[in-house]
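Trainee:
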Amino acid sequence: METIKVNLKNNPYNIYLGYNLINKVPSYIKKLNIGNLGIILTSAKVYSLYKDLLKSTFGERDYKIIKVIDGEGVKSKKWLFKVIEEIMKADGWGKRVFIVCLGGGTIGDLGGFAASIYKRGIPYIQIPTTLLAQIDSSIGGKTAIDLKDAKNILGTFYQPRAVFIDPFFLTTLTTKEVKEGLAEAIKYGIIRRKDFFYFLKDNYRKIIELKTSCILKLISTCVEIKVKIVEDDEKEKKGIRTILNFGHTFAHALETSCKYRKISHGEAISIGMLYAGRLSFLLGKCKMEATEEIRDIIKCFSLPAEIRFDYTTLCKAMTYDKKFIGGKVRMVLLKKIGEVEVAENIALKDIRKSLKKFCLL
Ligand SMILES: NC(=O)c1ccc[n+]([C@@H]2O[C@H](COP(=O)([O-])OP(=O)(O)OC[C@H]3O[C@@H](n4cnc5c(N)ncnc54)[C@H](O)[C@@H]3O)[C@@H](O)[C@H]2O)c1
Ligand SMILES: [Zn+2]
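In our numbering, the protein residues as written are 31 to 391.
#1: Which whole runs of the alpha helix (DSSP H) in the region 48-95 are 4 residues long or more, in chain order?
#2: Could you spell out the range, first to last residue, of the beta strand (DSSP E) harbouring Cys-131?
#3: Which same chain residues end up closer than 6 angstroms to Ser-300 when comparing Cβ atoms and leaving out the 5 residues on each side of it in sequence?
#4: Spell out a yes or no on whether the region 64-76 and the region 128-136 are touching, meaning 3 or more CB-CB pairs, one atom from each, closer than 8 angstroms.
#5: Can the beta-carbon of Ile-183 be found closer than 8 angstroms to that of Val-257?
#6: By DSSP, does Ser-384 sit in helix, in strand, or in coil?
#7: By the three-class DSSP mapping on this structure, what secondary structure does Glu-285 have?
#8: What is the chain-ordered set of residues for which the beta carbon lies under 6 angstroms from any non-hydrogen atom of ligand 2?
#9: Measuring alpha carbon to alpha carbon, tell me which residue in Glu-323, Asn-40, Tyr-49 and Gly-103 is nearest Lys-217.
#10: So what's Leu-391 in DSSP terms, helix, strand or just coil?
#11: Which residue's Cα is closest to the Cα of Tyr-43: Leu-62, Lys-54 and Met-31?
#12: Assign Gly-89 to one of two classes, buried (16 or more other C-beta atoms within 10 Å of its C-beta) or exposed (fewer than that).
#13: Run through DSSP, which three-state label would Lys-181 get?
#14: From the DSSP output, in three-state form, read off Thr-204 for me.
#15: Quick check: the Cα distance between Leu-47 and Val-253, rounded to an integer number of angstroms?
#16: DSSP three-state label for Glu-239, please.
#17: Roughly how many whole angstroms lie between the Cα atoms of Gly-368 and Ile-221?
#18: Compute every distance between the C-beta of Ser-167 and the non-hydrogen atoms of ligand 1, then say whether any falls below 7 angstroms.
#19: For ligand 1, I want to know if Ala-163 counts as a neighbour, meaning its beta carbon is within less than 7 angstroms of at least one of the ligand's heavy atoms.
#20: Over the uninterrupted alpha helix (DSSP H) stretch that includes Arg-403, give me the two end residues.
#21: Among Thr-173, Phe-388 and Lys-315, which has the Cα closest to the Cα of Ile-155?
#22: Decide if the region 222-235 is in contact with the region 189-208; the criterion is three or more beta carbon pairs, one per stretch, under 8 angstroms apart.
#23: Let me know if Ala-215 comes out buried or exposed under the rule of 16 or more other beta-carbons within 10 Å of its beta-carbon.
#24: Report the option in Tyr-305, Met-361, Arg-360 and Gly-171 whose CA atom is closest to the CA atom of Glu-336.
#25: In the DSSP assignment, what are the bridge partners of Thr-173?
#26: Name the one or two DSSP bridge partners that Pro-158 has.
#27: Tell me which residues share the same chain as Gln-189 and place their Cβ nearer than 7 angstroms to its Cβ, disregarding the 5 neighbours each side in the sequence.
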């Protein structure tokens, strides 16, 4: 088992990574002394897949399971209040309550948010079960729910007390769900680690097949990169954490234009990273070869590298993005593989020009 420390001044914690680590989780939690009743928040699908494992691992004396719906819809006012009511019931039994988020990124975001606002904060634990959650959303303490037209609009920075990453859970994901996470892994390579970018490219087959040694290295490297960025800029105040948004301005515009349905987040950021690369080339920030490298790796993982989309709709969605300030857009641009920069004032005309070249319709 590997232990990665998150050295935050006020909220340090450990991330544990290892196959079949789940069996040891209750004893680790006990040592943290964070309470005596754990509310395990999980989705209907994860519960149906792992019901027996959850019961045998956590038992029914010190833990209570709350099942919620699958997917983004759970990050809503309705489910937040349902979860909080369940916590209140448990709290009424005179126990010290904490939350265990066991599931994908949606469960982590909802559970973390509920933990952060209930009685101005109770402890919570992350046990991520999708690749995206294991390499990204469970780390760094961003919590959120959505309102009707705005994703992640209600949220807090609230760190978990520990994160337990068990890649055993990944075996029940579909290849499409694995690829959701892989798009973010590629992003980490592009923004910070050239060697990791080539590791992904050289081992793509083993990675898609979830070969143990590759998956452990992949998760551990992504966690390391994200932890470093979070340690340097926990509350996204210094512009360092912003680099995690590489490819995301375009991706969010695409997801909004599609009303989150036709395209998944992983697919959207694949195209978004390529777009950000092309824009960077147009602005003279990087060489054409660097953008071609991004296209090649995306194709390697059979993620989409181009999009048939109406230019006008996309352009409108891009300029509605929160990074659009008074005619200028803030975006993360590519310098070379392994290095990006945050550009504060990209002119709208350049965005339009690059979009025109990029959209096939
Ligand atoms: N907080 C952050 O820093 C951060 C960062 C990135 C993304 N996010 C958020 O994460 C969410 C996306 O996370 P996600 O991709 O994990 O989606 P998700 O939570 O919806 O999970 C995807 C699907 O996989 C199922 N699932 C989970 N674990 C499984 C397993 N082991 N086997 C089979 N099925 C399983 C879920 O029930 C769900 O149906 C978004 O809401 C996004 O906003 C948050
Ligand atoms: Zn993302």
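Just so it is clear, CB atoms sit at the ideal spot from N, CA and C, and this is done for glycine as well.
Since this is a predicted model, take the numbers as computed values, not measurements.
Mentor: In short:
#1: 55-62 and 74-88
#2: Your numbering for residue 131 matches position 101 in the sequence shown. Counting along the chain, the beta strand (DSSP E) containing Cys-131 begins and ends at 127-133.
#3: Locating residue 300 in the sequence shown gives position 270, where the first residue counts as 1. Cβ neighbours of Ser-300 beyond the five flanking positions: Ala-213, Ile-328, Leu-333 and Pro-334.
#4: The region 64-76 vs the region 128-136: in contact.
#5: The residue you call residue 183 lines up with position 153 of the sequence shown. The residue you call residue 257 lines up with position 227 of the sequence shown. No, these two residues do not count as a Cβ contact at 8 angstroms.
#6: As a position in the sequence shown, residue 384 is number 354, starting the count at 1. Residue state, collapsed to three classes: helix.
#7: As a working note, residue 285 is residue 255 in the sequence shown. Reduced to three states, the DSSP call for Glu-285 is helix.
#8: Going along the chain, the residues that qualify are Glu-214, His-278, His-295 and Ile-299.
#9: Translated into positions along the sequence shown, residue 217 becomes position 187. Closest by alpha carbon: Glu-323.
#10: Here residue 391 refers to the residue found at position 361 when the sequence shown is read from its first residue. Bear in mind that a pLDDT of 47 at Leu-391, under 50, signals an unreliable position, so the number given afterwards is only what the model happens to contain. Three-state result, Leu-391: coil.
#11: Here the question's residue 43 lines up with position 13 in the sequence shown. Per the Cα distances, Leu-62.
#12: Indexing the sequence shown from 1 puts residue 89 at position 59. Residue environment analysis places Gly-89 among the exposed positions, since fewer than 16 neighbouring C-beta atoms fall within 10 angstroms of its C-beta.
#13: Translated into the one-based positions of the sequence shown, residue 181 becomes position 151. The answer is strand: DSSP assigns Lys-181 an E or B state.
#14: Here residue 204 refers to the residue found at position 174 when the sequence shown is read from its first residue. DSSP places Thr-204 in coil when its eight states are reduced to three.
#15: Walking along the sequence shown from the start, residue 47 turns up at place 17. Walking along the sequence shown from the start, residue 253 turns up at place 223. Each residue's Cα considered, the two are about 10 angstroms apart.
#16: Here the question's residue 239 lines up with position 209 in the sequence shown. Coil at Glu-239, not helix or strand.
#17: By one-based count along the sequence shown, residue 368 stands at place 338. By one-based count along the sequence shown, residue 221 stands at place 191. Distance from the CA atom of Gly-368 to the CA atom of Ile-221, rounded to whole angstroms, is 5 angstroms.
#18: Position 137 of the sequence shown, counted from the first residue, corresponds to residue 167. It does: the Cβ of Ser-167 is within 7 angstroms (strictly closer) of some heavy atom of ligand 1.
#19: Taking the sequence shown and counting its residues from 1, one reaches residue 163 at position 133. Because some heavy atom of ligand 1 lies under 7 angstroms away, the Cβ of Ala-163 counts as near it: yes.
#20: Since the displayed the chain opens at 31 and closes at 391, residue 403 lies outside it and no answer follows.
#21: Taking the sequence shown and counting its residues from 1, the one referred to as residue 155 is at position 125. Of Thr-173, Phe-388 and Lys-315, the residue nearest in Cα terms is Thr-173.
#22: no
#23: In the sequence shown, the residue the question calls residue 215 occupies position 185. Ala-215 comes out buried.
#24: As a first step, residue 336 is located in the sequence shown; it is residue number 306 there, counting from the start. It is Tyr-305 whose Cα lies nearest to the Cα of Glu-336.
#25: Numbered from its first residue, the sequence shown carries residue 173 at position 143. Paired residue(s): Thr-186.
#26: Translated into the one-based positions of the sequence shown, residue 158 becomes position 128. Gly-133, per the DSSP bridge assignment.
#27: Counted from its first residue, the sequence shown places residue 189 at position 159. These residues qualify, in order along the chain: Leu-38, Asn-41, Tyr-43 and Gly-171.
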